[in-house]
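Some notes on the structure that comes next.
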Amino acid sequence: MKELHSVVCIKPVPDQRFWDKISLDPKTQTLRRAGIPVALGPLDLNALEEALRIKESRGGKVTVVSMGPPGTEEILEWAIVLGADEAVLLSDRAFAGADTLATAYVLASGIKKLGDVDLVFLGNESLDGSTGQVGPQVAEFLGMSHLTHITKIDLTGDNKLEAKFRIEFGSIDVEVKTPVVIAVDKEINEPRLANIWGAVWAQERKINCWSINDVEVDRDKLGLSGSPTQVAGVTTIELKRKGEMLTGEPADIARQLVKKLQTDKVLPEA
Amino acid sequence: MSFKMTHEQELARKIALEFAEREIIPHRDKLRVEDEEFEEQLAVKEAKAGFHLAMIPRDEGGTGLGQVGRVVMEEELSAAYPRMVSSLHREFAYVFAKATGGVVKEKWMPLILKGEASAAPFINEPQGGSDLMNYTTTARRDGDDWIINGRKCFISDGHKVEFGMILLKTGDPKDPATRGARSMTAFIVEEDMPGYKVERVEKSMAGNLTATVSFTDVRVPGNYIVPPGVGRGISPVFLAVWDVGRMGISAMLLGCILGSCRSSIQFAKERVLYGKPIHDLQAIKHRIADMYIDLAASRALTYRAAWLRDQGMNSSQEQSIAKYYCTQAAIRASLHAINIHGGSGVMDEYMPQMYYRYAPCLIAGGGTDEIMKDTIAASAINGANPVMGANPAETSGFYIL
Ligand SMILES: Cc1cc2nc3c(=O)[nH]c(=O)nc-3n(C[C@H](O)[C@H](O)[C@H](O)COP(=O)(O)OP(=O)(O)OC[C@H]3O[C@@H](n4cnc5c(N)ncnc54)[C@H](O)[C@@H]3O)c2cc1C
Ligand SMILES: Cc1cc2nc3c(=O)[nH]c(=O)nc-3n(C[C@H](O)[C@H](O)[C@H](O)COP(=O)(O)OP(=O)(O)OC[C@H]3O[C@@H](n4cnc5c(N)ncnc54)[C@H](O)[C@@H]3O)c2cc1C
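Those sequence lines, one after another, are chains P and A.
The first sequence begins at 10 in my numbering and counts up one residue at a time.
The second sequence begins at 11 in my numbering and counts up one residue at a time.
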């Protein structure tokens, strides 16, 4: 069987352990992220896991690609710790401020430069932006088919595979030819824990940093100015609590409480 | 001189921490009741994660992370739950197999690399561990083989290990050439040799840590003698006790201190008294400070002793100092943790009592407090440089990293 080259797109997202430290700047309408460590998004871990399993069963290699500011090396390195063979960071001031289309454009240009690619994996949606658009857009730029919400993959031949994706009341099985872009859901696998060899691999395997000069791109399609969508406004929902003291005998309080919860439709009517 | 961890060592800590967060911390209730099935599965997962490969150089199939990398990982794993970390006995296995070489190494090395073999030092005897010259377990020559008779007790994981390095009396008390230290020889013994029997698992205040193993006419081939050879058993046994034993024990004690610190900080932030978290109380703050001072000092001593080994230098004195200090510090820190937690500190579901019960279990293993002090004093009196401490590069070649 042919060995496969898988590319996994991974996005730096704020580490969930520090979410309480993130706030919204009301002036610029952007997140105040300074000092918040970045981590690999949870679905990106599933995407990486699937690629690593394919490498282990079929041979081949796994390359991780990310577009992000300096500092993104940290998540690329962690992907190497988990088993990726190579890593590419697409980073340039010109890429900054990109919407999903401009992001996908740069990612696709990086993947093109890698050459022979059989499978491109992504998370179905990111932890923060969560549009779910990047996968299909990358596929369009690369001229590949794409699959989203994928929960299972079976390699059925040298250049075809079967995949299952979720719909509201069930699932659908499809067969596609490679190369193909696959956006995965959480159910597809359980991401592995790092092996201690990862600490060794991190010293030996390289993170390539590519700027605008290293990829073939049209400058007009990059960054903020190349983005057809712009954020017009961000609204945060304010959560407030209202307190109310119930008094009386315990049994009495319980009755009052149930009634109130029924009125608020938290509990069904008796 | 650098006090900075290498990037590789930092990653090793992070990998161990993530492992602990997923595989140990959510399952503490199973470790608390010594669920054997769970413990076995955890040991297999630890083998797969490769924690035991740090002391094995790259060209022998290990990760070559060295003593510092190893200490850092074992510290994190023990902080999650204090216990005999499975890597410790796999490291013993490596050091014993390598020291013996020949058929022993050929047989065990492939299994050791996969994490499928573990070993313990069979040194201590019931009539008094510190008094080596009074040991009575013997080996008698029979053609090319040797026949072993006697009993060893308090052998850590003695009920689990596949093999061990045993210290035996081979000398003749009437022959001046084979008296004293010259009467002792180290052998490899294997668990499936006829006459090898786990007599009992000893129940300690922190669970089943050790066992008594007896030997009745156990036949061992001559090529199972650990070099340098007959009548030269003390040096290989002691080097193993130091590098694997004392450094590993210090790492587990660091885990007790680190775990005590972490649980206390969390509790002091969550517990509200008089309308404020208790870390606002100066008495609590000072306990936390004391714990951190002990953590910093213990780490400095242990990491340095480990680092010296990674540079190929003898650090037996530094290791004794680290082991002694970490023992005291872990007992102090875990008692502070109990105090900070109030009544909860001694309850089963909270960690402080577990650290407090485990730390003293490590007093005797690898040599008691008094023996540590004796060793430290001996090297001080015999002229070790008190500023630099480290002895010159080792020449025995027994331990190579
Ligand atoms: C209108 C709009 C304006 C924006 N403006 C800005 C801005 O000014 N500055 C700014 O920093 N961001 C901006 N963003 C955010 C940025 O465009 C998105 O973070 C990015 O395009 C990915 O979108 P998403 O998170 O919704 O990805 P999704 O489509 O939800 O992500 C799916 C998967 O795509 C992959 N992926 C996504 N992004 C990357 C990446 N960067 N590298 C590698 N793989 C990736 C991952 O595998 C991920 O799991 C904007 C977004 C929008 C919608
Ligand atoms: C958890 C645990 C794990 C262990 N693992 C192993 C193992 O894997 N392999 C193994 O062989 N052994 C192991 N041991 C045994 C350990 O090495 C011995 O317990 C230790 O050497 C002390 O021996 P002892 O218990 O017989 O005490 P003794 O030697 O009888 O000591 C009694 C007291 O006398 C003191 N004393 C002894 N000599 C002197 C001196 N010269 N000056 C002043 N005071 C002195 C001691 O410090 C102690 O306070 C383990 C023990 C424990 C508790």
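The beta-carbon is built from N, C-alpha and C at its ideal position, and this holds for glycine as well.
Below-8 Å beta-carbon distance, residue i vs any chain A residue
i	result
V209 (chain P)	yes
N55 (chain P)	no
N281 (chain P)	Lying outside 10 to 279, the shown extent of chain P, residue 281 (chain P) is not represented and no answer is given.
G252 (chain P)	no
L239 (chain P)	The displayed chain sequence assigns Gln, not Leu, to residue 239 (chain P). No, no contact with chain A.
Q38 (chain P)	no
T272 (chain P)	no
Q146 (chain P)	no
Q142 (chain P)	no
Q265 (chain P)	no
Residue i in three-state terms, based on DSSP
i	result
G399 (chain A)	Only weak support is given to the placement of G399 (chain A): the predicted model assigns it a pLDDT of 41, under 50, and the value that follows is read from those uncertain coordinates. Note: G399 (chain A) maps to coil in three-state DSSP.
D141 (chain A)	coil
G141 (chain P)	coil
L411 (chain A)	Low local confidence applies: a pLDDT of 24 at L411 (chain A) is under 50, so the model's placement there is unreliable, and no value is given.
I259 (chain A)	helix
D101 (chain P)	coil
K286 (chain A)	strand
E328 (chain A)	helix
I350 (chain A)	helix
G92 (chain A)	With the sequence shown as reference, residue 92 (chain A) is identified as Pro, and Gly is not the correct amino acid for it. Note: P92 (chain A) maps to coil in three-state DSSP.
R314 (chain A)	helix
E101 (chain A)	helix
S406 (chain A)	Residue placement at S406 (chain A) is poorly supported in this model, since its pLDDT is 32, which falls under 50; the coordinates are not used for a value here.
L385 (chain A)	Checking the sequence, you will find Thr at residue 385 (chain A) rather than Leu. In the structure shown, T385 (chain A) sits in a helix (DSSP, three-state: H, G or I).
T160 (chain P)	strand
K207 (chain A)	strand
Proximity test, Cβ basis, 8 Å: residue i and chain P
i	result
R32 (chain A)	yes
P402 (chain A)	With a pLDDT of only 40 at P402 (chain A), under the threshold of 50, the placement of this residue in the model should not be trusted; the figure read from the coordinates follows. No, P402 (chain A) does not count as interfacial toward chain P.
T73 (chain A)	yes
F248 (chain A)	no
A89 (chain A)	no
F29 (chain A)	yes
A59 (chain A)	yes
L5 (chain A)	Given a span of 11 to 411 for chain A in the structure shown, any question on residue 5 (chain A) remains unanswerable.
L268 (chain A)	no
L41 (chain A)	no
L311 (chain A)	no
L63 (chain A)	yes
L411 (chain A)	Summary for L411 (chain A): the model assigns pLDDT 24, below 50, so the residue's position carries little reliability, and this model does not support an answer.
When the options are compared against residue i, the one with the closest alpha-carbon
i	options	result
I176 (chain A)	A:V356, A:Y334, A:V230 and A:A53	A:V230
L49 (chain P)	P:E278, P:E134 and P:V190	P:E134
V190 (chain P)	P:P259, P:Q142 and P:L270	P:Q142
G80 (chain P)	P:G207, P:C218, P:T187 and P:G252	P:C218
D167 (chain P)	P:E177, P:S180 and P:T187	P:T187
T222 (chain A)	A:Q329, A:A216, A:F106 and A:Y206	A:Y206
R26 (chain P)	P:G235, P:V47 and P:T39	P:V47
K30 (chain P)	P:K36, P:A43 and P:V97	P:A43
F132 (chain A)	A:D304, A:D167 and A:W317	A:D167
Y145 (chain A)	A:K14, A:V54 and A:S193	A:S193
L116 (chain P)	P:L85, P:L151, P:P259 and P:Q239	P:L151
K70 (chain P)	P:L57, P:D223 and P:I221	P:L57
V185 (chain P)	P:D127, P:N198, P:I176 and P:T238	P:D127
P35 (chain P)	P:T160, P:A263, P:M254 and P:V243	P:V243
A216 (chain A)	A:K179, A:G76, A:M94 and A:L63	A:M94
L121 (chain A)	A:H37, A:A107, A:A130 and A:G181	A:A107
R319 (chain A)	A:A306, A:Q77, A:G375 and A:D202	A:Q77
L13 (chain P)	P:T160, P:H158, P:L156 and P:L164	P:L164
**Asked** Taking Cβ-Cβ distances below 9 Å as the criterion, which residues of the stretch 17 to 29 of chain P are in contact with chain A?
**Response** Only those residues of the stretch 17 to 29 of chain P whose C-beta falls short of 9 Å from the nearest C-beta of chain A would be listed, and there are none.
**Proximal residues, the stretch 89 to 103 of chain P versus chain A, C-beta separation under 7 Å** = For the stretch 89 to 103 of chain P, the set of positions with a beta-carbon nearer than 7 Å to some beta-carbon of chain A reads V90 in chain order.
**Item:** Cβ contact check for the stretch 75 to 88 of chain A and the stretch 226 to 244 of chain P: 3 or more pairs under 8 Å
**Value:** Short answer: they don't touch.
**Item:** Contact between the stretch 264 to 274 of chain A and the stretch 86 to 101 of chain A (3+ Cβ pairs under 8 Å)
**Value:** Touching, per the Cβ criterion.
**Request:** Mind the definition here: the stretch 52 to 62 of chain P touches the stretch 84 to 93 of chain P only if three or more C-beta pairs lie below 8 Å; say whether that holds.
**Result:** Proximity of the stretch 52 to 62 of chain P to the stretch 84 to 93 of chain P meets the contact definition, three or more beta-carbon pairs being nearer than 8 Å.
**Item:** Interface residues of the stretch 12 to 27 of chain A facing chain P [CB-CB below 7 Å]
**Value:** Within the stretch 12 to 27 of chain A, the residues whose Cβ lies closer than 7 Å to some Cβ of chain P are E18, L21, A22 and I25, listed in chain order.
**Request:** Kindly confirm or deny that the stretch 266 to 281 of chain A and the stretch 121 to 137 of chain A touch, where touching means at least three C-beta pairs closer than 8 Å.
**Result:** Under the Cβ criterion (8 Å, minimum of three pairs), the stretch 266 to 281 of chain A does not count as touching the stretch 121 to 137 of chain A.
**the stretch 34 to 45 of chain A / the stretch 16 to 25 of chain A touching (three or more Cβ pairs under 8 Å)** = Counting Cβ pairs under 8 Å, fewer than three are found: no touch.
**Item:** At least three beta-carbon pairs within less than 8 Å, the stretch 102 to 116 of chain P to the stretch 140 to 155 of chain P
**Value:** With contact defined as three or more Cβ pairs closer than 8 Å, the stretch 102 to 116 of chain P and the stretch 140 to 155 of chain P are in contact.
**Message:** With three or more beta-carbon pairs closer than 8 Å as the criterion, would you say the stretch 308 to 317 of chain A touches the stretch 326 to 334 of chain A?
**Reply:** Touching, yes.
**Item:** Segment contact flag, the stretch 383 to 391 of chain A with the stretch 271 to 290 of chain A, C-beta cutoff 8 Å, min 3 pairs
**Value:** Pairwise C-beta distances place the stretch 383 to 391 of chain A out of contact with the stretch 271 to 290 of chain A, as fewer than three of them are shorter than 8 Å.
**Item:** Cβ contact (3+ pairs, closer than 8 Å) linking the stretch 236 to 250 of chain A and the stretch 104 to 118 of chain A
**Value:** With a cut-off of 8 Å, the stretch 104 to 118 of chain A and the stretch 236 to 250 of chain A count as touching, because enough Cβ pairs lie within range.
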